[in-house]
Amino acid sequence: MSDSFSQRLLRWFDQYGRKDLPWQQDINPYRVWVSEIMLQQTQVATVIPYYQRFMARFPDVASLAAAHIDEVLALWTGLGYYARARNLHRAAQTVISDWEGVFPRQQDDIQTLPGIGRSTAAAITSIACGGSAAILDGNVKRVLSRHAAIDGWPGKREVEQQLWALAEQYTPSERTADYTQAIMDLGATLCRRSKPDCERCPVADDCKAKAMQRQSDYPGKKPRKTLPVKRTHMLLIENPAGEILLEKRPASGIWGGLWSLPEVEDDGDITDTLERLIGFEAPPQALGELRHTFSHYHLDIQPQHIRLSREPARIMEADRQLWYKGAQHQQLGLAAPVKKLLDSLLQNDLFTD
Numbered sequence: 225m226s227d228s229f230s231q232r233l234l235r236w237f238d239q240y241g242r243k244d245l246p247w248q249q250d251i252n253p254y255r256v257w258v259s260e261i262m263l264q265q266t267q268v269a270t271v272i273p274y275y276q277r278f279m280a281r282f283p284d285v286a287s288l289a290a291a292h293i294d295e296v297l298a299l300w301t302g303l304g305y306y307a308r309a310r311n312l313h314r315a316a317q318t319v320i321s322d323w324e325g326v327f328p329r330q331q332d333d334i335q336t337l338p339g340i341g342r343s344t345a346a347a348i349t350s351i352a353c354g355g356s357a358a359i360l361d362g363n364v365k366r367v368l369s370r371h372a373a374i375d376g377w378p379g380k381r382e383v384e385q386q387l388w389a390l391a392e393q394y395t396p397s398e399r400t401a402d403y404t405q406a407i408m409d410l411g412a413t414l415c416r417r418s419k420p421d422c423e424r425c426p427v428a429d430d431c432k433a434k435a436m437q438r439q440s441d442y443p444g445k446k447p448r449k450t451l452p453v454k455r456t457h458m459l460l461i462e463n464p465a466g467e468i469l470l471e472k473r474p475a476s477g478i479w480g481g482l483w484s485l486p487e488v489e490d491d492g493d494i495t496d497t498l499e500r501l502i503g504f505e506a507p508p509q510a511l512g513e514l515r516h517t518f519s520h521y522h523l524d525i526q527p528q529h530i531r532l533s534r535e536p537a538r539i540m541e542a543d544r545q546l547w548y549k550g551a552q553h554q555q556l557g558l559a560a561p562v563k564k565l566l567d568s569l570l571q572n573d574l575f576t577d
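Oh and the sequence shown: position 237 is 461 in the working numbering, straight run, nothing missing.
Quick look at the structure:
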C-alpha cells in the first residue's frame with residue numbers, strides 16, 4: 225500500500241473519529257487516567273454517566289485522594305471490577321504523597337502507580353502528555369489480530385508479544401494522541417466483536433482476516449471452561465424502623481471494601497449468625513433466588529428476609545456494620561446483587577405479607 229496503516233487510520237479519524245466524549249474535553253493526565261480505568265472491560269455508553277458523576281465530585285487528583293473510600297466505591301457501584309476503584313483511590317494518594325500532587329507524565333513513572341499497566345500508562349502518556357507510546361487494549365488487540373490474522377488467544381504470552389510488536393510498529397511518532405484515539409475508535413465503532421463494518425474500514429484493503437472472510441475467527445477465543453457454581457444465603461435483616469443491616473467486606477477478595485448483606489453458606493447456620501448479629505433468634509423467610517456471575521464462577525444467592533419485632537440486643541461494630549436507610553440517605557459502595565435486593569425491597573417487589 226502506498227499509504228501506511230497509521231496514515232489511513234488518521235485520515236479516517238479526522239473525518240469520522242469521535243471527538244466529543246467527556247474525557248476528550250479539557251484533556252489532562254488525571255481526566256484521561258480516570259477514563260482509561262473506567263473503560264477497562266466496560267463500554268463507552270455505560271461509562272459516560274459514571275465518568276461525569278465521578279468528575280463532578282472528584283475534579284482533580286487531590287479531591288480523589290482526600291475522599292473516603294466508601295464515597296469512591298459508592299460512585300463506582302454498578303461499574304463492576306471494584307478493584308479498579310480501590311486502585312484508583314490508592315494511586316491518587318500515591319500521587320499526593322510521592323509526586324507532590326502532580327500526576328507523573330512519563331510512561332515508566334505512570335506505570336508504577338497502583339492499577340496502571342503498560343497499555344493504560346501508554347494511553348495517558350500519548351493522549352495527555354505529548355509522548356509517543358503504543359497501546360494494546362481490547363479494541364486494539366481485535367483490530368491488529370484481524371488485520372494481520374494472528375492466530376491464538378491474546379491472553380497467551382506469545383500471542384500478546386506479537387500484538388505488542390505490531391502495535392509499536394504502527395504507532396507513529398507524530399500525532400500519536402490522535403492515532404491512539406483513532407485505533408481505539410476503529411475497534412469500538414467499525415471493527416466490532418460481532419458484525420464488523422469492513423466496508424467502511426480504512427485499513428480493510430490489506431486486512432488478512434477480511435481477505436479470507438474469517439473475521440469472526442480473530443482474535444482467537446479464550447479456552448472455554450465450565451464455570452463452577454457456589455451458593456450462599458444473604459440475610460436481609462430488617463429492624464422495626466425498616467432499616468436493613470449491612471456489613472463491610474474485607475478490603476481484599478470479592479467485593480473488597482464494599483457494603484454487603486450478612487452471608488451464611490448453610491441455612492442451618494442462620495440461627496447462629498442471627499445470635500451473633502442481633503442477640504436473638506427470628507424466623508427467616510426465603511425469597512426468590514438470584515444468580516450473579518463472576519468471570520470465574522456463578523454465585524447463586526438465596527435471600528432470607530428476617531423481620532425483627534424488637535431492637536437488636538447486640539452492640540454494632542464501629543465502621544464494620546450499619547443500618548441502611550436507603551440510597552437517598554446514604555451513599556455507599558454496594559455489591560451489585562446487594563443493590564438489586566435493596567432496591568427491590570424499597571420498591572416492595574420482594575416482600576409479601
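Yeah, the Cβ is synthetic: ideal placement off N, Cα and C, and Gly gets one too.
{"Check": "C-alpha gap between A373 and K432, whole angstroms", "Outcome": "6 Å"}
{"Check": "For Y306 and W479, believed in contact at Cβ under 8 Å, the rounded distance", "Outcome": "6 Å"}
{"Check": "Supposed contact pair L511 and H529 - C-beta distance, whole angstroms, cut 8 Å", "Outcome": "6 Å"}
{"Check": "Identity of the residue in V453, R310, D322 and D493 nearest L514 by Cα", "Outcome": "V453"}
{"Check": "Proximity to G503 [Cα-Cα], best of N463, D490, Q509 and S476", "Outcome": "N463"}
{"Check": "Start-end ranges of the alpha helix (DSSP H) lying completely within the region 309-359, minimum 4 residues", "Outcome": "331-334 and 342-352"}
{"Check": "Beta-bridge partners of W236, as assigned by DSSP", "Outcome": "None; W236 has no bridge partner."}
{"Check": "Sub-9 Å separation of L532 and Y548 beta-carbons", "Outcome": "no"}
{"Check": "4 or more residues per run - each alpha helix (DSSP H) lying fully within the region 372-409", "Outcome": "381-394"}
{"Check": "Pick from Q437, W236, R308 and R314 that is closest to A289, judged by C-alpha positions", "Outcome": "R314"}
{"Check": "Coarse secondary structure for T576, derived from DSSP in three states", "Outcome": "Annotation note: pLDDT 41 at T576 (below 50); position unreliable, coordinate value reported separately. Coil."}
{"Check": "Residue span of the alpha helix (DSSP H) that contains E462, given as start and end", "Outcome": "E462 -> not in any alpha helix (DSSP H); beta strand (DSSP E) instead, spanning V453 to E462."}
{"Check": "Segment contact flag, the region 237-255 with the region 405-413, C-beta cutoff 8 Å, min 3 pairs", "Outcome": "yes"}
{"Check": "Segment limits, alpha helix (DSSP H) that includes R255", "Outcome": "P253 to L263"}
{"Check": "Simplified DSSP assignment, three categories, for E499", "Outcome": "helix"}
{"Check": "Span separating the alpha-carbon of M225 from that of E384", "Outcome": "With a pLDDT of only 41 at M225, under the threshold of 50, the placement of this residue in the model should not be trusted, and no figure is reported."}
{"Check": "DSSP beta-bridge partners of E487", "Outcome": "M458"}
{"Check": "Beta-carbon contacts of R235 that lie in its chain and below 7 Å, excluding the five residues immediately before and after", "Outcome": "P426"}
{"Check": "Within 9 Å, strictly: CB atoms of I272 and P253", "Outcome": "no"}
{"Check": "Residue of L498, I468 and G341 minimising C-alpha distance to I261", "Outcome": "G341"}
{"Check": "Reduced DSSP secondary structure (H/G/I, E/B, other) of L523", "Outcome": "strand"}
{"Check": "Outcome for I539 when other beta-carbon atoms lying within 10 angstroms are tallied against a minimum of 16", "Outcome": "exposed"}
{"Check": "Given 8 Å, three or more beta-carbon pairs between the region 351-369 and the region 378-398", "Outcome": "yes"}
{"Check": "Distance, Y275 Cα to F282 Cα", "Outcome": "10 Å"}
{"Check": "Endpoints, the beta strand (DSSP E) within which A286 is located", "Outcome": "Taken as a continuous stretch (DSSP letters only), A286 belongs to no beta strand (DSSP E), being part of the alpha helix (DSSP H) at V285 to A290."}
{"Check": "Simplified DSSP state of M225, which is helix, strand or coil", "Outcome": "Only weak support is given to the placement of M225: the predicted model assigns it a pLDDT of 41, under 50, and the value that follows is read from those uncertain coordinates. In this structure, M225 counts as coil in the three-state DSSP scheme."}
{"Check": "Residues of its chain near P508, where Cβ-Cβ distance is below 6 Å and the 5 sequence neighbours each way are ignored", "Outcome": "I494, Q528 and I530"}
{"Check": "Distance between E467 and Q265 (C-alpha atoms, nearest Å)", "Outcome": "34 Å"}
{"Check": "D490 beta carbon less than 9 Å from that of H457", "Outcome": "yes"}
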